Every structure is written in C-alpha cells, then in structure tokens.
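Asks: Chains as they are written, first to last, in this note's numbering: chain A, 15 to 293; chain B, 855 to 1214.
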C-alpha cells in the first residue's frame, strides 16, 4: 500500500461470498445467461421457431397431398408428432454450437476459473436447451392446432407424449455437449448441421417406414427419432403409420429405452470431454 | 486493508467459514514476514512432443506486481493456465496463498482472478449483466451482486456504458470489464495474461491505469507480456521466460543493467561516410557501435540515453555529419533475449548461458 489512493472498491475486503457452491443454483444462473440472450438478441430464437413452422407448412401442404399414411389417417395428424420429434433432434445443433462457441471464446475457461461446481456448466447448458425445446414444442403445437392437428386422447397420455419428446431431447443434450467440446472447429458444427438432415429424414417423421424399400424401412424403423415419433403419435391418438412389427406394439418402450441408451453412452463421454479441457 | 474495513462493500458475515479462511490468509499477508502469495517449483507440462513448461520456477511476493516476460511460445500462457487450475500439470508443485494448486483446485479458485487472453465476457450481454452474472456465480446473493457490480463499473470507468452490449465495446473497455469481473471476490492474486495484446495505444493506457489501481489496492498481480516496456511500467519484479522456464529474474532496473542500457540509432544522410560517423559516435559515447549498411544506421548501446544523445548530436554536428533520423530507444525484446542467451549459440540451453554470464 505504498501507492496513493487505493481504490476502496477494488480493495473491497474478502468475505463478500455469502452462498456456498451449489451446482443447481449455478446451473440455473448459467442458463439464465441464455435466457438473457433470447431477450437481447431474439432473432436467432424467432428464426429457429419460424423454421420449424415453415417445415410443417411445407410438408403438410406442399408434399402432404401426395403422401398416404398406411393404416389410414389424415397426413397433418400424422406429420405433426413427427415434426415434434424432429425438432428435438434439430436441438442438437444448438447445444453443440453453444458449447463449442463458449469454449472457443474463453467463456468456458472463465467459468472454470470460478469457484463453482464442475457440473454447473453442463447443467446450465442442459437447463437452457431444455427450456428452448419446451418453447419450441409449444410453438409447434400451437401451429399444429392452427392447421388442424388434434390430440384425441386424455391429458395423461398427452403429458406422457410430451415427456417422451423431451426425454429424447434430454439424451441428445449429452451428445451435443460431447460433440461441442470434442470437435470445436467450424467444420464440425457444419458437419452436424448437415448430418441431422439425413438422420431426420431417414426416419418415420415424414413418411411411414412401410412405404419405403425393405432395407430402408428397417433403418428408418430403428432410428431413435422414429421411436419417439411413433410413441408420440400413439399417445396423442394420431395415425402411427405402423400396422405391424415390433414397433407397432412397443413404441412407448422404444421411445423410453433409446434415449436412455444415448444418455448412458454420451453423458459419461461428455463428462470426460469436459474433464479433458484440463489437458 | 484499512480502506476495505471502512468500505461499504466490506460486508461481514458471522460464522462464514469461507470468510474466516480468507481472513487468516489476510493476516499472514500483512504479517511482518509475509509468505509469498504464489510459489511454483519445477513445473512441467507437455503437449504432445512440445515441452511447454520445462522446470518452471516462480515466486511472487504478496502485494507485488510480477511481470512474466517472454516471446510467443515461451510458455507464459501455459504457466498461467496451470497456476489457475485450468490445465493439469505433469510435474511440480505450486501453491497459491498457501494452498496446493493440484490438490485443492476449488479452494484455489476462491482466491484467484483470471483475465485470460480471450475477452472472456459475454458479447451479447451488457457490462452490468456480465458482472452481475459472474458476481452471483462467485457466490454473492442477488442484491449484493448488483451492488458489487455497480461499484466495479464505477471503479473501472464503465458506469456510462453499463447498459450497452459488450459487442459494441472498444478493446480497452472489454479488458477493463474482464478485469472487473475477475475482482468480484477480491482475489489473493490476479492473473493477467497479455492484457494489452491487440489493443490500441489508448486502450493500452486505460488498461495500464486499471492494473495500477488494482496494484495500489494491495492485490498481488501476475502479469504476462511480450512487451518489455509494459513489464517495466507495471511490474515490481520481472521474470524473463523462454522455452518453458525462467531464464532471468530481477527488478526492472536489475534486468536493464544486465541487458545493457538504452540504444541510440542514428541514420546517416550520406551512406558513404558511415565508417567515419561510427568512429565519431563511438568516441563521443565511449561505447562500441554497430553499423547497418542497408538502413545507413549506426546503433550504440549506452547506459544513459539522454546524456549520450546530447553528446552524439554535438559530435556529429562538429564533424558536419548530417542525420536523417536520430532515435533513442529501449532494448527490444529480441535484444533482451539475444543478450540473455548469449554467448551460448545453442538457445536450447539458456541456463548455461546465464550462469556463464553471471560468472563474469
């Protein structure tokens, strides 16, 4: 303290801290940062939501007239639950991009230099992205209702359907975090942005697997997105497009197990990738 | 710490274990024989086949500003990352405020502030939102985080820009915000990794001012830089780093003495009289001169640049030698390194070079 005028604020004493570290509180705070982004720069969010609505309109009206659903049923009613599942898959890009950007910009290092729990950063990402997906799902559902989609079952089934959709999104969080931390280059993000399309299309989101060539139908049926889409159709009382086979009987089971498997594989991998930032 | 006791921000909490430990380290700091805030010995870290840290030793005394000076690739950033728990060490021991960095990373993070090479603030948020976020993440309740953020904005001359998005900030403002965000908990040591790289002169000046204020407030600072004048301006002690280890250490004055003093460059108007001019300059200063024929420049190394400049001007004028340009400058980092690693030709063994030089 040899120099003159020590600034009272900069010199403020330690002892300010009045909360112990708590991963849930910290995760919530980190997620709050994303919510502020939505408010401050809403166009990214709005465009993302509008894009999914555009897909509904395009497939529902442009292609829909030419598509027949095996087992009967209206195409809009068939399409919407599929679109819900596809929106969950598309959320993957957002998770990966956000994770990679923060790591590149040094924000992740800033968080890592703070006395917070090591799980807070991932938890924050998970909360923010799930919130984003809940909002996206709500917008899609309202859009669907406007163009004639109707769930015909009771509240319990509908709630379970929504839950299974978010369960798929939850599992893809860990894949996104893993990819974002592991492959940070711009090329990797583009690769994922491109790859989600064939993965999304090689499913029963837009057309039933029964209308595809045999081998392609098998691939589409075993796509986790198809499992969730079929389960959601069943639970919302919409045409499933599945008249026979294992999935016809066990869609809800498949939509429960697939995300569990994805989580079991990629949650530990994401945790390892985060720890590897220390290398 | 007198100021802090009377500061409205020095809120005290009873039975707060975090505060108690911090107070203990404070007492140590103000004791008669203060233990160093940072001690590192034999740090090693490799990336693939690159040995980024190769027996790095450093001691930073409490309340001082320590400069870590070195060229790109010397290992400065790796050293900072290892000391701030961001990167795992291969070998060696490091303590911060008496806490082992490798064994107690969480406790260490409570006591450090880090301003990394990137502007680690959120571009989309305002300055206030950034500070409040980092304050709350550091464990402050909402009202206290808001109060602390306002105070820090004021202290770093950012109050007028508090509600603007950081994306519109100048480089200097971002750096200051970055520094403010690192001071939420008043760290035992603040790490600044090349705080002025990429800034314009004005931005650099404001960041220097911020660092001086942090230092004046009694916070220990470890600052890395590529610029000798920056270390000279800000640091109480300087460690020169190369190839992953410290090759020289001392106060700026000590290092300068070892490196040699100032340089005077005289660019002759007439290239034909270079040899004659070199002799004149040599006689006037009593020092050895070097000649660069391409730029018609005579360079002389002198202890006191101001005095030498006057004699050189007089001597050249007396000999009717016309100059295009006459400049007094500090040794460049290149010269510092060449000097510190001389006379050994193999720059991979700087230690030997230094020892032989000290033996002289």
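All residues carry an ideal CB built from backbone N, CA and C; glycine is no exception. Given the structure is predicted, the values throughout are model-derived calculations rather than measurements.
1. Residue 1097 of chain B and residue 911 of chain B - do their beta-carbons sit closer together than 8 Å?
2. Assign residue 75 of chain A to one of three DSSP states: helix, strand, or coil.
3. Where residue 1109 of chain B and residue 206 of chain A are concerned, what is the direct C-alpha to C-alpha distance, given to the nearest angstrom?
4. Whose CA, out of A:263, A:136 and A:231, lies closest to the CA of residue 288 of chain A?
5. Can you say whether residue 92 of chain A is buried or exposed, counting buried as having 16 or more other CB atoms within 10 angstroms of its CB?
6. By how many angstroms is the C-alpha of residue 1105 of chain B removed from the C-alpha of residue 837 of chain B?
7. Per the DSSP calculation, residue 1086 of chain B is bridged to which residue(s)?
8. Given a limit of 7 Å on CB to CB distance, which residues of the segment 159–190 of chain A reach chain B?
9. I'd like to know whether the C-beta atoms of residue 224 of chain A and residue 56 of chain A end up nearer to each other than 8 Å.
10. With a threshold of 8 Å between beta-carbons, can residue 115 of chain A be considered close to chain B, or not?
11. Going by DSSP, name the residue or residues bridged to residue 1099 of chain B.
12. State the CB to CB distance for the pair residue 1043 of chain B and residue 892 of chain B, rounded to an integer number of angstroms; the pair is presumed to be in contact (CB under 8 Å).
13. Thinking residue 1194 of chain B and residue 1092 of chain B are a contact (beta carbons under 8 Å), I'd like their distance in whole angstroms, please.
14. Is there contact between the segment 997–1008 of chain B and the segment 1056–1071 of chain B, where contact requires at least three CB pairs shorter than 8 Å?
15. Should residue 1161 of chain B go down as buried or exposed, given a rule of 16 or more other Cβ atoms within 10 Å for buried?
16. Can you name the start and end residues of the alpha helix (DSSP H) that residue 123 of chain A belongs to?
17. Suppose you measure from the CA of residue 275 of chain A to the CA of residue 103 of chain A; what does that come to, to the nearest Å?
18. If I measure Cβ to Cβ from residue 939 of chain B and keep anything under 7 Å in the same chain, skipping five residues before and after, which residues do I get?
19. Tell me which same chain residues have a C-beta within less than 8 Å of the C-beta of residue 33 of chain A, skipping the five on either side of it?
20. Going along chain B in order, which residues have a C-beta closer than 8 Å to the C-beta of residue 124 of chain A?
21. I need the boundaries of the beta strand (DSSP E) containing residue 1146 of chain B, first residue and last residue.
22. For a test of the three-state rule: what should DSSP assign to residue 220 of chain A, helix, strand or coil?
23. Can you give me the start and stop residues for the beta strand (DSSP E) that residue 1117 of chain B sits inside?
24. For residue 1015 of chain B, decide whether its Cβ has a neighbour in chain A, counting only Cβ atoms nearer than 8 Å.
25. Figure out for me which residue from B:1077, B:1072 and B:1066 has the closest Cα to the Cα of residue 1047 of chain B.
26. Our contact map puts residue 1082 of chain B next to residue 1184 of chain B with C-beta atoms below 8 Å; I'd like the distance itself, whole angstroms only.
27. May I ask you to report which of helix, strand or coil DSSP gives residue 1183 of chain B?
28. So which residues on chain A does residue 1019 of chain B lean against when the C-beta distance must stay under 8 Å?
29. Give the residues of chain B in contact with residue 128 of chain A, contact being defined as C-beta atoms less than 8 Å apart.
Replies: Short version:
1. What you label residue 911 of chain B is simply residue 57 of the second chain in a count that begins at 1. What you label residue 1097 of chain B is simply residue 243 of the second chain in a count that begins at 1. No, the pair does not count as a contact, with Cβ atoms beyond the cut-off.
2. If you number the first chain from 1, residue 75 of chain A lands on position 61. Helix at residue 75 of chain A.
3. The residue labelled residue 1109 of chain B in the question sits at position 255 within the second chain. The residue labelled residue 206 of chain A in the question sits at position 192 within the first chain. Going from the Cα of residue 1109 of chain B to the Cα of residue 206 of chain A covers about 53 Å.
4. In the first chain, the residue the question calls residue 288 of chain A occupies position 274. Minimum Cα-Cα distance from residue 288 of chain A among the listed residues A:263, A:136 and A:231 corresponds to A:136.
5. As a working note, residue 92 of chain A is residue 78 in the first chain. Counting Cβ neighbours within 10 Å, residue 92 of chain A comes out buried, since at least 16 surround it.
6. Nothing in the structure corresponds to residue 837 of chain B, since chain B is present only between 855 and 1214.
7. As a first step, residue 1086 of chain B must be located in the second chain, where it is residue number 232. DSSP lists no partner for residue 1086 of chain B.
8. none
9. Position 210 of the first chain, counting from 1, holds the residue named residue 224 of chain A. Position 42 of the first chain, counting from 1, holds the residue named residue 56 of chain A. No.
10. For the purposes of this step, residue 115 of chain A is taken as the residue at position 101 of the first chain. Residue 115 of chain A does not count as touching chain B.
11. Numbered from its first residue, the second chain carries residue 1099 of chain B at position 245. In the DSSP output, where bridge partners are listed per residue, residue 1099 of chain B has B:1096.
12. To locate residue 1043 of chain B, count along the second chain from 1; it is residue 189. To locate residue 892 of chain B, count along the second chain from 1; it is residue 38. Correct: roughly 6 Å between the Cβ atoms.
13. Position 340 of the second chain, counting from 1, holds the residue named residue 1194 of chain B. Position 238 of the second chain, counting from 1, holds the residue named residue 1092 of chain B. The pair is not a contact, with the Cβ atoms about 12 Å apart (cut-off 8 Å).
14. No, the segment 997–1008 of chain B does not touch the segment 1056–1071 of chain B.
15. Within the second chain, the letter at position 307 stands for residue 1161 of chain B. Note on residue 1161 of chain B: under 16 other CB atoms within 10 angstroms of its CB, so exposed under the neighbour-count rule.
16. Position 109 of the first chain, counted from the first residue, corresponds to residue 123 of chain A. Going by DSSP, residue 123 of chain A is part of the alpha helix (DSSP H) stretching over 121–126.
17. Within the first chain, residue 275 of chain A is the residue found at index 261, counting from 1. Within the first chain, residue 103 of chain A is the residue found at index 89, counting from 1. Between residue 275 of chain A and residue 103 of chain A, the C-alpha separation is close to 15 Å.
18. To locate residue 939 of chain B, count along the second chain from 1; it is residue 85. Same-chain partners within the cutoff: 955, 959, 962 and 963.
19. Along the first chain, one-based indexing puts residue 33 of chain A at 19. 39, listed in sequence order.
20. Within the first chain, numbered from 1, the residue matching residue 124 of chain A stands at position 110. Per Cβ cutoff of 8 Å: 968, 970, 974, 975, 988 and 1035.
21. If you number the second chain from 1, residue 1146 of chain B lands on position 292. From DSSP, the beta strand (DSSP E) with residue 1146 of chain B extends over 1143–1146.
22. On the first chain, residue 220 of chain A is found 206 positions in, with the first residue counted as 1. In this structure, residue 220 of chain A counts as coil in the three-state DSSP scheme.
23. Counted from its first residue, the second chain places residue 1117 of chain B at position 263. That run of the beta strand (DSSP E) goes 1116–1122.
24. What you label residue 1015 of chain B is simply residue 161 of the second chain in a count that begins at 1. Not one beta carbon of chain A lies nearer than 8 Å to the beta carbon of residue 1015 of chain B.
25. Mapped onto the second chain, residue 1047 of chain B falls at position 193. Nearest of B:1077, B:1072 and B:1066 to residue 1047 of chain B, Cα basis: B:1077.
26. The residue labelled residue 1082 of chain B in the question sits at position 228 within the second chain. The residue labelled residue 1184 of chain B in the question sits at position 330 within the second chain. Indeed, because the Cβ distance is near 6 Å, the residues count as touching under 8 Å.
27. As a working note, residue 1183 of chain B is residue 329 in the second chain. Strand at residue 1183 of chain B.
28. Locating residue 1019 of chain B in the second chain gives position 165, where the first residue counts as 1. By Cβ distance, chain A contributes 54.
29. In the first chain, the residue the question calls residue 128 of chain A occupies position 114. When 8 Å is used as the limit between beta carbons, residue 128 of chain A is near these residues of chain B: 963, 988, 991 and 992, in chain order.
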